[in-house]
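Visitor: I have a structure here, written as structure tokens, and I will follow up with some questions on it.
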Amino acid sequence: MSYDLGHLSAPITLADQAYSTLRAAIVAGELKQGAKLTDRGLADSLAVSPTPIREAIRRLEQDRLVERTGPRSVRVAIYSHDERAEIAQAADSLKAVLARIAATKITEAELDDLAQCLEAADTEREFLYNQIAEQGRTAEVVRASAAKLIALLREFHATINRASRNDILLHVLHTVEAFGVDTRQKALQEQIARDGSGPQGRYHQHRQILEALRAHDPDRVESLMLAHSHGASIDLLSLTT
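Each residue of the sequence shown is one higher than the one before, starting from 1 at the first, in the working numbering.
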């Protein structure tokens with residue numbers, strides 16, 4: 001059976017693109033907390049009409065990534081330390097539940113992907129600390145290597161999240177975790193560059209999580225992931241106070 005519903009118009013597609021672009025800019029820190037945004041300014045910047053911008057902003061308001069300051073202006077949301085702590089607590093719990101679910105659904109191919117991710121991280125970590133020893137912690141190569149290491153560890157966690165195959169929880173985590181990713185990542189890079197620590201204290205927990213996943217032990221996976229994520233949140237919140 002066919003339905004005469006017409007064709008999707010360009011503004012719908014453009015609204016999706018505008019939403020994705022603006023959301024990515026907020027997550028990446030290109031649009032800072034408190035940055036003022038206007039419909040017209042964003043429309044000019046993205047070379048679209050104000051209509052898709054208004055729809056994108058409405059969705060960003062629902063995500064609590066922006067807050068309205070006037071009829072046609074908003075700003076990137078500003079979260080207090082306590083609010084960031086609440087967000088981190090929610091994200092930690094979601095990651096633990098997703099890991100628990102993943103323990104019963106993860107495939108051998110995904111387990112192999114996790115192992116390869118950690119092998120690459122091991123190599124990058126060794127390179128990083130060699131560079132710290134040879135060139136000092138302020139060298140640009142150290143910051144670049146730290147960024148690569150962090151990206152590999154984030155992919156490790158993203159793979160576990162995807163292995164849960166729970167789209168509802170993934171969507172909630174996507175929303176909860178959006179704000180502050182860039183700030184926390186930069187803080188971690190600064191910590192590595194400053195004193196060589198960062199993920200070092202929790203690094204080996206990734207292997208423990210992988211082994212628990214290989215054993216398909218949901219209780220252990222959940223416990224390990226909750227402790228790991230909570231520890232990371234405490235450290236990073238202390239850096240972004």
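From the three backbone atoms N, C-alpha and C, an ideal C-beta is built for every residue, glycine too. These numbers come from a predicted model, not from an experiment.
I'd like to confirm the pairing. Which residues does DSSP put opposite Glu67 in its beta bridges?
Guide: Reading the sequence shown from its first residue, position 67 is the one you call residue 67. For Glu67, which the question treats as bridged, DSSP gives the partners Arg75.
Visitor: Along the beta strand (DSSP E) that carries Thr107, what are the first and last residues, could you check?
Guide: Counted from its first residue, the sequence shown places residue 107 at position 107. From DSSP, Thr107 is part of no beta strand (DSSP E); its letter is neither H nor E.
Visitor: Leaving out five residues before and five after Leu224 in sequence, what residues of the same chain have Cβ atoms less than 7 Å from its Cβ?
Guide: Position 224 of the sequence shown, counted from the start, is the residue given in the question as residue 224. Result list for Leu224: Gln205, Gln208, Ile209, Ala212, in chain order.
Visitor: Are the CB atoms of Ser145 and Glu124 nearer to each other than 8 Å?
Guide: Against the sequence shown, residue 145 aligns to sequence position 145. Against the sequence shown, residue 124 aligns to sequence position 124. Yes, Cβ-Cβ distance for Ser145 and Glu124 is below 8 Å.
Visitor: Does DSSP classify Lys95 as helix, strand or coil?
Guide: Here residue 95 is taken as the residue at index 95 of the sequence shown, counted from 1. Residue state, collapsed to three classes: helix.
Visitor: Which class does Val221 belong to by DSSP, given the choice of helix, strand or coil?
Guide: Start at 1 with the first residue of the sequence shown, and residue 221 comes out as number 221. Looking at Val221 - three-state DSSP - the assignment turns out to be helix.
Visitor: If you run the structure through DSSP and keep just helix, strand and coil, what is Leu319?
Guide: There is no way to answer for residue 319, as the model of the chain reaches only from 1 to 241.
Visitor: Mind checking Arg68: buried by the 16 CB within 10 Å criterion, or exposed?
Guide: Numbered from its first residue, the sequence shown carries residue 68 at position 68. Counting Cβ neighbours within 10 Å, Arg68 comes out exposed, since fewer than 16 surround it.
Visitor: Does the structure place the region 51-70 close enough to the region 140-159 that three or more beta carbon pairs sit under 8 Å?
Guide: Contact between the region 140-159 and the region 51-70 is absent, because fewer than three Cβ pairs lie under 8 Å.
Visitor: Distance, Cα to Cα, Ile234 vs Arg100?
Guide: Stepping through the sequence shown from its first residue, residue 234 is reached at position 234. Stepping through the sequence shown from its first residue, residue 100 is reached at position 100. Cα to Cα, the separation comes out at about 22 Å.
Visitor: Give the straight-line distance between the Cα atoms of Ala28 and Asp219, rounded to the nearest whole angstrom.
Guide: Residue numbering aside, residue 28 sits at position 28 when the sequence shown is read from its first letter. Residue numbering aside, residue 219 sits at position 219 when the sequence shown is read from its first letter. Cα to Cα, Ala28 sits roughly 34 Å from Asp219.
Visitor: Would you mind reading off the limits of the alpha helix (DSSP H) that contains Ser145?
Guide: Position 145 of the sequence shown holds residue 145. Start and end: 140-163.
Visitor: Beta carbon of Ala18, beta carbon of Ile53: below 8 Å?
Guide: Residue 18 sits at position 18 when you count from the first residue of the sequence shown. Residue 53 sits at position 53 when you count from the first residue of the sequence shown. A contact, by the Cβ cut-off of 8 Å.
Visitor: Quick check on this structure: which residue in Ala85, Ala227, Val221, His174 has the alpha carbon closest to the alpha carbon of Gln62?
Guide: Along the sequence shown, one-based indexing puts residue 62 at 62. That would be His174, whose Cα lies nearest to the Cα of Gln62.
Visitor: Note down the Cα distance separating Ala163 from Leu98, rounded to an integer number of angstroms.
Guide: By one-based count along the sequence shown, residue 163 stands at place 163. By one-based count along the sequence shown, residue 98 stands at place 98. One C-alpha to the other measures close to 8 Å.
Visitor: Hey, how far is the Cα of Leu237 from the Cα of Ala85?
Guide: Taking the first residue of the sequence shown as 1, we reach residue 237 at position 237. Taking the first residue of the sequence shown as 1, we reach residue 85 at position 85. Going from the Cα of Leu237 to the Cα of Ala85 covers about 7 Å.
Visitor: May I have the straight-line CA-CA distance separating Val176 from Ile87, to the nearest angstrom?
Guide: Start at 1 with the first residue of the sequence shown, and residue 176 comes out as number 176. Start at 1 with the first residue of the sequence shown, and residue 87 comes out as number 87. Distance between the alpha carbons of Val176 and Ile87: 6 Å.
Visitor: Is the CB-CB distance between Gly34 and Arg59 below 8 Å?
Guide: Numbered from 1 along the sequence shown, position 34 holds the residue referred to as residue 34. Numbered from 1 along the sequence shown, position 59 holds the residue referred to as residue 59. No, the pair does not count as a contact, with Cβ atoms beyond the cut-off.
Visitor: If contacts are defined as beta-carbon pairs under 8 Å, then Leu128 and Leu149 qualify, I think. What distance do you get, rounded to the angstrom?
Guide: For the purposes of this step, residue 128 is taken as residue 128 along the sequence shown, with counting starting at 1. For the purposes of this step, residue 149 is taken as residue 149 along the sequence shown, with counting starting at 1. Between Leu149 and Leu128 the Cβ distance is about 6 Å, and since that is below 8 Å, they are a contact.
Visitor: Pick from Arg214, Thr21, Arg143, Arg202: whose alpha carbon is nearest that of Ala232?
Guide: As a position in the sequence shown, residue 232 is number 232, starting the count at 1. Ranking Arg214, Thr21, Arg143, Arg202 by Cα distance to Ala232 puts Arg202 first.
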